[in-house]
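Inspection log for the structure reproduced underneath, given as structure tokens.
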Amino acid sequence: MLALALVVGLFCFVVGLVVQLGWRTARAPKVRPEMTVTPLGVPDVETVATLTPTSTATPEPTATPEPTATPTPTHTPTPEPEFEVYVVQSGDTLAKIAQEFGVTVEAILEANPEIEDPSRIVVGQEIRIPR
């Protein structure tokens with residue numbers, strides 16, 4: 001409510017200023033009898049010589065450079081990860097195999113998405129070990 005009152009007050013103030021200043025500057029001046037109007041004199045006109053164009057050398061046209069061929073991008077295939085195949089032996093666990101090959105269990109599981117339960121690997125199962 002206070003904000004509305006401030007906006008209305010500010011609006012009235014601005015309108016008052018515009019009306020006062022606008023009316024003063026927009027009114028035509030009144031000519032009083034003691035004032036005289038002096039016509040402005042016509043300025044002296046000087047004759048100016050007409051300039052004539054001189055012949056200037058135009059530059060020789062230059063050859064437009066040929067556009068440079070943009071090389072076509074070629075697809076570089078990403079190399080497939082290299083794996084070593086390991087056959088599970090009796091007593092093996094993924095942790096033991098990972099330690100033996102210097103990789104993580106997570107890396108072995110990523111390379112072998114068919115392994116659903118990391119605690120259940122069977123003797124004779126082939127496992128891809130990332131290099």
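Residues in the sequence shown are numbered from 1 upward in steps of one, following full-length UniProt numbering. Ideal Cβ placement from N, Cα and C applies to all residues, glycine included.
When the distance is taken between beta carbons, is residue j closer than 8 Å to residue i?
i      : j      : result
Arg131 : Glu84  : yes
Val122 : Val87  : no
Pro118 : Val105 : yes
Asn112 : Ile97  : no
Ile115 : Ile129 : no
Helix, strand or coil: which one does DSSP assign to residue i?
i      : result
Val105 : helix
Ile121 : coil
Glu114 : coil
Val88  : coil
Glu100 : helix
Here's the rule: buried if 16 or more other CB atoms are within 10 angstroms of the residue's CB, otherwise exposed. What is residue i?
i     : result
Leu94 : buried
Say yes only if the C-beta of residue i is nearer than 7 Å to one or more non-hydrogen atoms of the ligand FAD, and no if none qualify.
i      : result
Ile129 : Absent from the structure shown: the ligand FAD. Ligands present: none.
What are the boundary residues of the beta strand (DSSP E) that residue i is part of?
i      : result
Glu60  : Taken as a continuous stretch (DSSP letters only), Glu60 belongs to no beta strand (DSSP E), as it is neither H nor E.
Arg131 : Neither: Arg131 is in no beta strand (DSSP E) and is coded neither H nor E.
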